[in-house]
Amino acid sequence: MSDLYLVDIKGKLNEEPIRKGFGRGLLVAGKKDVNVVAACADLTDSTQMSLFKKEFPERFIEIGVAEQNLVTVGSGMAAMGKIPFVSSYAAFSPGRNWEQIRTTICLNQQPVKIVGSHAGISVGPDGATHQMLEDVALMRALPNMIVIAPCDSVEAEKATMAMAADKHPNYLRLAREATPVITTEKTPFVIGKAYVFNKGTDVTLFATGTMTYQAMEAAEKLRKDGVSAEVVHVPTIKPLDAEVILKSVKKTGAAITAEEGQIIGGLGGAIAELLSENHPTLIHRIGMQDRFGESGAPAELLEHFGLDAKHIALAAHDIIHRK
Amino acid sequence: MQKLSVVQLETIANDIREDIIRMLEHAGSGHSAGPLGLADIFTALYFDILKHDPKKPDWDERDILLLSNGHCVPVRYVTMAHAGYFDKKELMTLRQLGSRLQGHPERTRLPGLENTSGPLGCGLSQACGMALAMRMNQIKNRWVYVVLGDGELDEGNVWEAAMLGGKEKLHNVIGIIDRNNIQIDGPTESVMPLEDLKAKWEAFGWHVIEINGNDIEAVIDACAMARAIQEKPTMIIAHTIPGKGVDFMENDFQWHGKPPDHEQAVKALHELRTLGGKIRSEHE
Numbered sequence: 022m023s024d025l026y027l028v029d030i031k032g033k034l035n036e037e038p039i040r041k042g043f044g045r046g047l048l049v050a051g052k053k054d055v056n057v058v059a060a061c062a063d064l065t066d067s068t069q070m071s072l073f074k075k076e077f078p079e080r081f082i083e084i085g086v087a088e089q090n091l092v093t094v095g096s097g098m099a100a101m102g103k104i105p106f107v108s109s110y111a112a113f114s115p116g117r118n119w120e121q122i123r124t125t126i127c128l129n130q131q132p133v134k135i136v137g138s139h140a141g142i143s144v145g146p147d148g149a150t151h152q153m154l155e156d157v158a159l160m161r162a163l164p165n166m167i168v169i170a171p172c173d174s175v176e177a178e179k180a181t182m183a184m185a186a187d188k189h190p191n192y193l194r195l196a197r198e199a200t201p202v203i204t205t206e207k208t209p210f211v212i213g214k215a216y217v218f219n220k221g222t223d224v225t226l227f228a229t230g231t232m233t234y235q236a237m238e239a240a241e242k243l244r245k246d247g248v249s250a251e252v253v254h255v256p257t258i259k260p261l262d263a264e265v266i267l268k269s270v271k272k273t274g275a276a277i278t279a280e281e282g283q284i285i286g287g288l289g290g291a292i293a294e295l296l297s298e299n300h301p302t303l304i305h306r307i308g309m310q311d312r313f314g315e316s317g318a319p320a321e322l323l324e325h326f327g328l329d330a331k332h333i334a335l336a337a338h339d340i341i342h343r344k
Numbered sequence: 232m233q234k235l236s237v238v239q240l241e242t243i244a245n246d247i248r249e250d251i252i253r254m255l256e257h258a259g260s261g262h263s264a265g266p267l268g269l270a271d272i273f274t275a276l277y278f279d280i281l282k283h284d285p286k287k288p289d290w291d292e293r294d295i296l297l298l299s300n301g302h303c304v305p306v307r308y309v310t311m312a313h314a315g316y317f318d319k320k321e322l323m324t325l326r327q328l329g330s331r332l333q334g335h336p337e338r339t340r341l342p343g344l345e346n347t348s349g350p351l352g353c354g355l356s357q358a359c360g361m362a363l364a365m366r367m368n369q370i371k372n373r374w375v376y377v378v379l380g381d382g383e384l385d386e387g388n389v390w391e392a393a394m395l396g397g398k399e400k401l402h403n404v405i406g407i408i409d410r411n412n413i414q415i416d417g418p419t420e421s422v423m424p425l426e427d428l429k430a431k432w433e434a435f436g437w438h439v440i441e442i443n444g445n446d447i448e449a450v451i452d453a454c455a456m457a458r459a460i461q462e463k464p465t466m467i468i469a470h471t472i473p474g475k476g477v478d479f480m481e482n483d484f485q486w487h488g489k490p491p492d493h494e495q496a497v498k499a500l501h502e503l504r505t506l507g508g509k510i511r512s513e514h515e
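Chains as they are written, first to last, in my numbering: chain A, 22 to 344; chain B, 232 to 515.
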């Protein structure tokens, strides 16, 4: 798509962890607005807040391993006009501190920016305890919360800057492993918008986060098989871009969703809800099927749990047969 | 603002207790013991200690008062109404559909509330966050007061905040623990012992002052002392009598979470009116 300035995935792709883009975006946001502040729960390097901490030590607070305190301190800072970014691993924040987020941030309407790094199965060897799969469901259920899962580091940088300018509570989902960079500086990103990354007519592949690259790969495989797959990248899982999503399925008549998390309450759940109420469509949801992960190499795990391009393509073939 | 005398403050606190009884009876649900026990502290705060303006609740030089144990909000609503934030008639809308006076406080519904609370353990963290933001903005003449329940101290979140406040030496945070020794399941020392409470807070790097929380003058003095401490945050352990002022409610944990019925309210109001008369006559 020329107007989206995407990288041609048939060529050699640069790879970078999505969280790196967050680190850069936070630094830029901090330079742009003196009210941007940051707090971390003993994972400053891992979550890439270290760039900000180095530049603005007086605007950074080390909270220690205390995720309940992390978000409630964020609520207090926001009440005084700050724009706090608070980070940890997604398994701990929002995994550990959901009620504090609900009461002191969402109901209290404070624009705290919750950054959950190391989300998804691709965390790898650390195993099921650290592979956060339910964060999207947890955050999506909260009124006032916006949920964003960028597809690569370049988009993560833009998402971070957009969050700094947004007046709502936000959740940003980041991954640990290097992910192919498929967008460019010129690729648009607006909170609440979904983007057609590949035009097609036979089936729509809706994907978010790291799975968008896998969906693009799947579309390429499908093209070789004579199937025209549309890829819709959904970086904002809440609120969903209903217009773009419905327009696509009205054309293709079949939907595959792909995410690195539980399909229950995740992108799969969200799109199933939207479609069943507005335009009932055949749908197949790729993601974690109501189970936990386990230790393994990231690529190995994606394949094992059926979260790769190959499995997306297979699901697409299957759903087209069922149309 | 003209300083009020102790007898004037005590009279206000007694009037506040009467209105707490009236509003709780009318609402038909809500917490009695805590709000009655806190009436002296809230009177001291709103009528002497806090820098605030009921006509400008968003005034950017105001002191902040957070209520961490949100279930005690009836005392805050009544005190705010007495201080002029809104008409006392609105007190009778407590817990009704569409009311600004929610069963547990919601900041976005009522100007003058600083936080949304109910689920316990969050207020001290929010106070620390506010103090940190003030420090970043080089604001030195504002204070963040936060009222906590003693049962609330069972929450781990409180001690996470205690560590941070001590580490960052957030001296403009002044905590007030409503040490009334009761919680829903019984006395705090049998549900989950808190003592040695003073030593605990000191060990976390806080200056600790212990007072009789039903002595308005002691509350005012303790807060003045707390403001003078520049090296660390202060925690005031305020010993209060739950249900204070109403004989049959005092020190009985059964009154933690229920309102008086009509007969009990009549009896309570009679007691409080007698008490009010005593306050006035003793000082004449």
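Even for Gly, the Cβ is constructed at its ideal location relative to N, Cα and C.
Residues bridged to residue i [DSSP beta-bridge criterion]
i: P105(A); result: V58(A)
i: N191(A); result: K134(A), I167(A)
i: G406(B); result: V377(B), M466(B)
i: T278(A); result: F227(A), R306(A)
i: A158(A); result: Paired residue(s): none; A158(A) is not in a bridge.
i: I413(B); result: P418(B)
Cβ neighbour criterion (16 or more within 10 Å) applied to residue i
i: I415(B); result: exposed
i: E294(A); result: exposed
i: H180(B); result: Not covered by the structure: residue 180(B). The range shown for chain B is 232 to 515.
i: D199(B); result: No answer is possible for residue 199(B): the residues shown for chain B start at 232 and end at 515.
i: L328(B); result: exposed
i: S114(A); result: buried
i: T273(A); result: buried
i: T229(A); result: buried
i: Q495(B); result: buried
i: G508(B); result: exposed
i: M423(B); result: exposed
i: W290(B); result: exposed
i: H139(A); result: buried
i: F313(A); result: exposed
i: G102(A); result: exposed
i: F479(B); result: exposed
i: A318(A); result: exposed
i: V497(B); result: exposed
i: V157(A); result: buried
i: P38(A); result: buried
i: K41(A); result: buried
Residue range of the unbroken beta strand (DSSP E) whose run includes residue i
i: V439(B); result: 438 to 443
i: I292(A); result: Looking at the DSSP string, I292(A) is not in any beta strand (DSSP E); the run it does join, the alpha helix (DSSP H), is 288 to 299.
i: P38(A); result: 36 to 38
i: F81(A); result: 81 to 83
Per-residue DSSP class, three states only, for residue i
i: M365(B); result: helix
i: A318(A); result: coil
i: Q283(A); result: strand
i: Q327(B); result: coil
i: Y316(B); result: coil
i: L297(B); result: strand
i: M22(A); result: Because the pLDDT of M22(A) is 48, which lies under 50, any placement of that residue in the model is unreliable, and the number read from its coordinates should be weighed accordingly. The answer is coil: DSSP assigns M22(A) none of H, G, I, E or B.
i: P78(A); result: helix
i: A177(A); result: helix
i: A87(A); result: coil
i: L281(B); result: coil
i: G343(B); result: coil
i: M153(A); result: strand
i: K498(B); result: helix
i: C303(B); result: helix
i: E433(B); result: helix
i: Q333(B); result: coil
For residue i, the first and last residue of its enclosing alpha helix (DSSP H)
i: M309(A); result: M309(A) -> not in any alpha helix (DSSP H); beta strand (DSSP E) instead, spanning 303 to 309.
i: I370(B); result: Element bounds for I370(B): n/a, residue is neither H nor E.
i: I447(B); result: 447 to 459
i: D339(A); result: 330 to 343
i: W290(B); result: W290(B) -> no alpha helix (DSSP H), and no H or E assigned at all.
i: D250(B); result: 237 to 258
i: D147(A); result: Unbroken run through D147(A): none, as it is neither H nor E.
i: S143(A); result: Neither: S143(A) is in no alpha helix (DSSP H) and is coded neither H nor E.
i: G387(B); result: 387 to 399
i: A111(A); result: Taken as a continuous stretch (DSSP letters only), A111(A) belongs to no alpha helix (DSSP H), as it is neither H nor E.
i: I272(B); result: 264 to 275
| field | Completely contained beta strand (DSSP E) runs for the region 193 to 272 of chain A, where each covers 3 or more residues | value | 199 to 201, 216 to 219, 224 to 228, 250 to 254, 257 to 259
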